[in-house]
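Residue numbers (the UniProt record's numbering): 1 to 574. Virtual Cβ for every residue (Gly too), placed ideally from N, Cα, C.
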Ligand SMILES: NC(=O)C1=CN([C@@H]2O[C@H](COP(=O)(O)OP(=O)(O)OC[C@H]3O[C@@H](n4cnc5c(N)ncnc54)[C@H](OP(=O)(O)O)[C@@H]3O)[C@@H](O)[C@H]2O)[C@@H](O)CC1
Ligand SMILES: [K+]
């Protein structure tokens, strides 16, 4: 399991390790530099065959220090290496200064400018190493630095030939938010924005693919997965630099025997990860002693001793009026496929014929009014509800009080979210067994002030992030919020937070198809019917949803998602 760290957490871990005396900053820097060279050779094996030319751009902090290590290691392999420094060498922090000095015994360091960069690359270098800024970026790039990084991002091979590796982050990316920091907007931009009614934004040095490879250390950071992170990082590789004990103090699921001894000796305390990345192992492996009881691993999904259908829960999905029943039918199919023992569609009388013509294993019951719904819900075996997909905003506002009063595990999606934002009902009527699943537009309607803060151009680091926003929303709503996107964030009111990323090797852009959100709602409902706690159901559903899309591939339509689940389960060995 990966914990996603903030820059401050990474620094704290590093400092704790150094303070313990088990490792020095210089050793960590050496391991970091070695990790970068290793990752480069793994990514581009052709570079390991001979010696080539590299340009290394070093910044004024320890990220620059890593750059000097990389320069030295490449030079030792016989490479031609041109090193540039942005800033004053006398002001480098001690470890970076030490590596600067070691490099000075091997080669020249030029002052970084567009002119010096052009002069040094009459022919494009084979590799460019971006060691300008990492976790220490605090503000947007400005002046000539901005021009240099922009030129690199759009250089079309002027300075280097495709292979750009960023150390820790593309320089300019905020590692807490995944947003590229922007200069404040100019007066002219503000005037223009005022006329067009849009938000004024200053320039960013890049906004799309920057690095081809980004090498991070120890653990991925939030910014590698949120917002623009995955687009600008290219490919992400995380290299171990030997901080396992100190990281495990933060992240129980990574504890090994050595760490557990360390804890047992009273020198450390295990803490639950603050933000975790939703990965296969979270969902499949029954986590060890420290999490047992909290998580049901997917391999315990179909226990043989619970073979009666009622033991697997009964989900009720509320359907819209005729002509709009497809969304609820998709959700119902997904709930059934994910293993709910029984799934019933609650259908208004006038849509019964339409729905009946389309379903077989899913059951149907007529629900025309909130009163009938309340009567249906006297059956305690109905343990999970879903309202919203295709339901109609006005009807949702009528039904919501009874849905919420039933206090079942409940997914509120689509029209139910709009109704919630428009109706007199407030968040006080929600309860802790609810899951809200807004996309960006619905999130904005529900939490306008939080969305406005998230939409503010990121002009200083750490910038406000989707994790911050979703946590704030969950706290306000008093229930789990799953904020959709390629970077889905799931937060609980107690601050527990997970990021599910359909990015990098798990990218499935074809998942953005009509009805895909309805399937996700059905998956969460089905898992909650099976007894998954709301946060875990949301995590697992997001993961299975993407997994089904990846398994099916391009050409996917929403109907295919539930039908692909058996194949996904088979591949998991379930
Ligand atoms: N954590 C680990 O385990 C390990 C970490 N390691 C490495 O250390 C890196 C973190 O190092 P770091 O803390 O020195 O920060 P870094 O990113 O080099 O930048 C700080 C400098 O940039 C400056 N500055 C900031 N923004 C600016 C701007 N817009 N424009 C201009 N200047 C700006 C800032 O100036 P200030 O804000 O103080 O004025 C300061 O001088 C990390 O990413 C990893 O690569 C490994 O070596 C070992 C293991
Ligand atoms: K960098």
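Query	Result
Cβ contact (3+ pairs, closer than 8 angstroms) linking the segment 344–358 and the segment 487–501	no
Extent of the continuous beta strand (DSSP E) to which residue 84 belongs	80–85
Residue ranges of each alpha helix (DSSP H) within the segment 357–426, 4 or longer	370–376, 393–405, 414–422
Terminal residues of the alpha helix (DSSP H) in which residue 262 lies	257–264
Closer than 8 angstroms: residue 569 CB and nearest ligand 1 heavy atom	no
Bridge partners - residue 174, DSSP secondary structure assignment	179
Coil, strand or helix - residue 487 by DSSP	strand
Cβ shell of residue 388 (< 6 angstroms), same chain only, five flanking positions each side left out	412, 413, 414, 415, 416
Buried or exposed (CB count within 10 angstroms, at least 16 for buried), residue 564	buried
Counterpart residues of residue 344 in DSSP-defined beta bridges	316, 363
Local Cβ density within 10 Å of residue 520, reported as buried at 16 or more and exposed below that	buried
Candidates 113, 490, 164, of which the one nearest residue 215 by Cα	164
Cβ-Cβ separation, residue 225 to residue 606 (assumed contact under 8 angstroms), whole Å	The structure shown does not extend to residue 606, since the chain spans only 1 to 574, so no value can be given for it.
Coarse secondary structure for residue 196, derived from DSSP in three states	helix
Residue 167 - containing beta strand (DSSP E), residue span	164–167
CB contact flag (residue 2, residue 279, <9 angstroms)	yes
Segment limits, alpha helix (DSSP H) that includes residue 560	560–571
Environment of residue 62 [buried if 16+ CB atoms lie within 10 Å]	buried
Proximity of residue 363 and residue 393 at Cβ, strictly below 9 angstroms	no
Cβ-based neighbour list, residue 23, same chain, cut-off 6 angstroms, excluding 5 preceding and 5 following	17
Residue 465: first and last residue of the uninterrupted beta strand (DSSP E) it sits in	That residue, residue 465, is in no beta strand (DSSP E); it is neither H nor E in DSSP.
Same chain only: Cβ atoms within 7 angstroms of residue 153, ignoring 5 sequence neighbours per side	205, 206, 210
Heavy atom of ligand 1 within 8 angstroms of residue 182 beta-carbon	no
Closer than 8 angstroms: residue 565 CB and nearest ligand 2 heavy atom	no
Close-in-space but distant-in-sequence residues of the same chain around residue 41 (CB under 8 angstroms, 5 per side omitted)	47, 48
Option nearest residue 402 by Cα separation, candidates 386, 83, 371	371
Residue 436 - DSSP class collapsed to helix/strand/coil	strand
beta-carbon residue 167 near ligand 2 non-hydrogen atom, thresh 8 angstroms	yes
Contact the segment 169–187 vs the segment 460–473: 3+ CB pairs below 8 angstroms	yes
Residue 217 - containing alpha helix (DSSP H), residue span	Counting along the chain, residue 217 falls outside any alpha helix (DSSP H), though it belongs to the beta strand (DSSP E) covering 213–217.
Sufficient close CB pairs (3 or more, under 8 angstroms) joining the segment 191–206 to the segment 243–251	no
DSSP three-state assignment for residue 146, whether helix, strand or coil	helix
Alpha-carbon to alpha-carbon, residue 83 and residue 296	Only weak support is given to the placement of residue 296: the predicted model assigns it a pLDDT of 49, under 50, and the question is left unresolved by the model.
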